[in-house]
């Protein structure tokens, strides 16, 4: 048990080393959710309003990160690392998209992790394989329940990791991988030691939600990932900090082939080495929220004094407490209102200045909103565009940091799927059932998120797509179909499947339909000409068939040619109605083609007649002299 005692002491030291960080996080949580309140009011009933700057900013930023995952058709791009596997990238990306986006809880858990990242500076997501449901499972980990040594730079560099879980007794009993002995439960339930971790923020959460969590119904479980100093291999020890000598699960190696702790860290910023160095929105805007709250309350107090001013009596007057100041009332002689000096600066102006500075701290520009509210000089379109450019640069950096973590998340998820779900080949993609080849499921891909920083501003993405279309429309070196497709993708990726028609695919389908109709015509059955047909493609397909037959020395028989001519004439009439110019050109080509076909048929018939005459002559010449010919 000496090693266990040492490990437990090290984790406790890690908690002690970050105690100031824990205190700050608790303050930030209370600021965001409970607000700042005035400690000393100038009079009873004075204004006490909290200005929700931080919570508003987080709500505005969160959708941008969400779009990094779900704004595109596929959540990940698969790039082959060798030419031999290049043909499987599309199928692999679609299969992975189905397994992750449609069969897991990634959507909700990522939102929770992003919220933690914006508030605390770091969000933690745990990636596991659920053996019961046979699916990937994601869990958001409260940053205060994730402990690493203070000198840790990132998860891969940690000497140890402690994941703290809080269970009720009933919730613990559902964890079948943990020991369920009654004696053990009695020992680890309700005896929580404050040295085992800061739970004050947890208590604040329950208080905000109006809940109680009785101490006697609480079980704390530590899942400690300890790296072996010699081999670098991770060993998982699971126990309660109240009874570190009892293993709630036998020590084990990480069960996944990737061999890494199953945690992904999302950082709001990268400023200096250190796992706890990333600052969140609350820390960046806390001082401005406090100032805005102060200004808001002072503004409201000023309005109160304006509506209910103070009065001064020129001499002592009895019963002044009984005065009721109502509209239209006549004040006693000698009572005068107390005149206050006007504030040296407008409250609204000062608040807008504070908001602008705070927004710049997290790169959420107002595009001149604060100046317009002040009724002063307005920003020009060029200035707004310049501000937008600076904002885009900052957003690009934020999204790039986020995309690094997303890439790590996808690669870890892919590895687990290959380990446990490789035999499940069927999947759905855009309402179509498909099957991935077994040989497509391997590690030889470079997996990257498909989202981009442009997803932060959907209108900007749409405008860029429209501008791109206007620049390259009808350019022979640009695929026009794909160019149009980008506009639909910028609006809604699902529209591509519903609305976009690939011209090449359409041509192939029309040609295939006509080929089938030729088979019917050869057998003597009519083929219906539909208004929805691409008449030009149908005509070209028949012409190609006739030309190919002629080139091989076997032109269509007269009866077959008659059927083909009648069928193609019906398509020609439809084409001439829709496009007279093209119809006339095709009509002339058809006249030449049928003339050639008739000539070929005549030559064939003539050749057959010659051969029928020459055969008897050749037979006679082949008889030896003196032999009678019967």
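Residue numbers (the numbering used here): 201 to 830.
The beta carbon of each residue, even a glycine, is placed where N, CA and C say it ideally should be.
Alpha carbon of residue i to alpha carbon of residue j, nearest angstrom
i	j	result
residue 546	residue 257	24 Å
residue 735	residue 783	10 Å
residue 757	residue 744	16 Å
residue 450	residue 444	13 Å
residue 247	residue 223	28 Å
residue 386	residue 418	11 Å
residue 510	residue 255	37 Å
residue 233	residue 343	17 Å
residue 607	residue 275	10 Å
residue 541	residue 512	16 Å
residue 739	residue 625	41 Å
residue 428	residue 456	17 Å
residue 722	residue 794	17 Å
residue 432	residue 605	23 Å
residue 503	residue 533	26 Å
residue 771	residue 792	17 Å
residue 571	residue 505	Here the model assigns residue 571 a pLDDT of 43, short of 50, so the residue's position is not dependable and the matter cannot be decided.
residue 440	residue 468	32 Å
residue 778	residue 733	12 Å
Supposed contact pair residue j and residue i - C-beta distance, whole angstroms, cut 8 Å
i	j	result
residue 319	residue 480	5 Å
residue 289	residue 280	6 Å
residue 488	residue 551	About 10 Å separates the two Cβ atoms, so there is no contact after all.
residue 425	residue 361	4 Å
residue 250	residue 236	5 Å
residue 161	residue 214	The first residue shown for the chain is 201 and the last is 830, placing residue 161 beyond what the model contains.
residue 340	residue 650	So it is not a contact: roughly 23 Å between Cβ atoms.
residue 618	residue 643	7 Å
Residue i - partner residues in DSSP beta bridges
i	result
residue 626	635
residue 437	424
residue 537	511
residue 336	329
residue 560	Answer is none; residue 560 lacks a bridge partner.
residue 648	277
residue 366	420
residue 453	435
Residue i, buried or exposed, once every other Cβ within 10 Å from all chains shown has been counted against 16
i	result
residue 774	buried
residue 725	exposed
residue 538	exposed
residue 761	buried
residue 331	exposed
residue 640	buried
residue 746	buried
residue 629	buried
residue 346	buried
residue 530	exposed
residue 741	buried
residue 491	buried
residue 243	exposed
residue 473	exposed
residue 216	exposed
residue 558	buried
residue 575	Bear in mind that the predicted position of residue 575 carries a pLDDT of just 44, short of 50, making it too unreliable to give a figure here.
residue 297	buried
residue 666	exposed
residue 259	exposed
residue 806	exposed
Closer than 8 Å: residue i CB and nearest the ligand ZN heavy atom
i	result
residue 755	This structure lacks the ligand ZN, and indeed carries no ligand of any kind.
Cut-off 8 Å between Cβ atoms - residues of its own chain near residue i, not counting five sequence neighbours on either side
i	result
residue 369	385, 389, 417, 419
residue 241	248
residue 676	none
residue 378	372, 421, 438, 448, 449
residue 334	620, 621
residue 485	253, 254, 257, 558, 561, 562
residue 566	Any reading at residue 566 needs caution, since the residue's pLDDT is 43, under 50, leaving its predicted position unreliable; the model's value is listed next. Once the five neighbours on either side are set aside, the close Cβ partners of residue 566 are 555, 556, 559.
Own chain, CB closer than 6 Å to residue i, minus 5 neighbours either side, in chain order
i	result
residue 219	none
residue 590	With a pLDDT of only 49 at residue 590, under the threshold of 50, the placement of this residue in the model should not be trusted; the figure read from the coordinates follows. Excluding residues within five positions, none has a Cβ falling inside 6 Å.
residue 329	616, 620
residue 611	647
residue 452	436
residue 717	727
residue 763	721
Beta-carbon proximity list for residue i, same chain, < 7 Å, skipping 5 on both sides
i	result
residue 306	300, 338
residue 622	641
residue 602	265, 268, 466
residue 312	340
CB contact below 9 Å: residue i versus chain C
i	result
residue 647	In the displayed structure, chain C is absent; only one protein chain is listed.
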